[in-house]
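S.K.: Below is a structure I'd like to ask you about.
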Amino acid sequence: MLTEQEIINNALKEMLYIEDLTAQKYADLTQKITKPELQNILKGMEMAARNNYKSITEKMNENQIII
1 MLTEQEIINN
11 ALKEMLYIED
21 LTAQKYADLT
31 QKITKPELQN
41 ILKGMEMAAR
51 NNYKSITEKM
61 NENQIII
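Dropping the structure here:
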């Protein structure tokens, strides 16, 4: 059975993985779409995912969780 800390560590690592995939997905879509308005929306969404990734990484570092 996992400890509470191990469960938290695993959840943070999974969140990190999901944010990375999300940012990549938005970046790929931005390249495929030709409408500038939609590109700007997707770029903003990509940046939000990258900011979330950064925030999660900082929390992991604060708690000495190895990525």
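Under UniProt numbering, the first residue of the sequence shown carries the number 1, and numbering increases by one thereafter. By construction, the Cβ of each residue, glycine as well, lies at the ideal position given by its N, Cα and C atoms.
Whose CA, out of L12, L2 and M1, lies closest to the CA of E62?
M.R.: If you number the sequence shown from 1, residue 62 lands on position 62. Of the candidates L12, L2 and M1, the one whose C-alpha sits nearest the C-alpha of E62 is L12.
S.K.: Just mark I67 as buried or exposed, buried being the case when its beta carbon has 16 or more other beta carbons within 10 Å.
M.R.: Indexing the sequence shown from 1 puts residue 67 at position 67. Burial call: exposed.
S.K.: Considering only the beta carbon of each residue, do D28 and Y53 sit closer than 8 Å?
M.R.: Against the sequence shown, residue 28 aligns to sequence position 28. Against the sequence shown, residue 53 aligns to sequence position 53. The answer is no: Cβ separation not under 8 Å.
S.K.: Under 8 Å, do I56 and L2 count as touching if we go by C-beta distance?
M.R.: Numbered from its first residue, the sequence shown carries residue 56 at position 56. Numbered from its first residue, the sequence shown carries residue 2 at position 2. Going by C-beta atoms, I56 is not nearer than 8 Å to L2.
S.K.: For the candidate residues Q24, E58, M60 and K59, whose alpha-carbon lies nearest to that of K43?
M.R.: Here the question's residue 43 lines up with position 43 in the sequence shown. For K43, the closest of Q24, E58, M60 and K59 by C-alpha to C-alpha distance is Q24.
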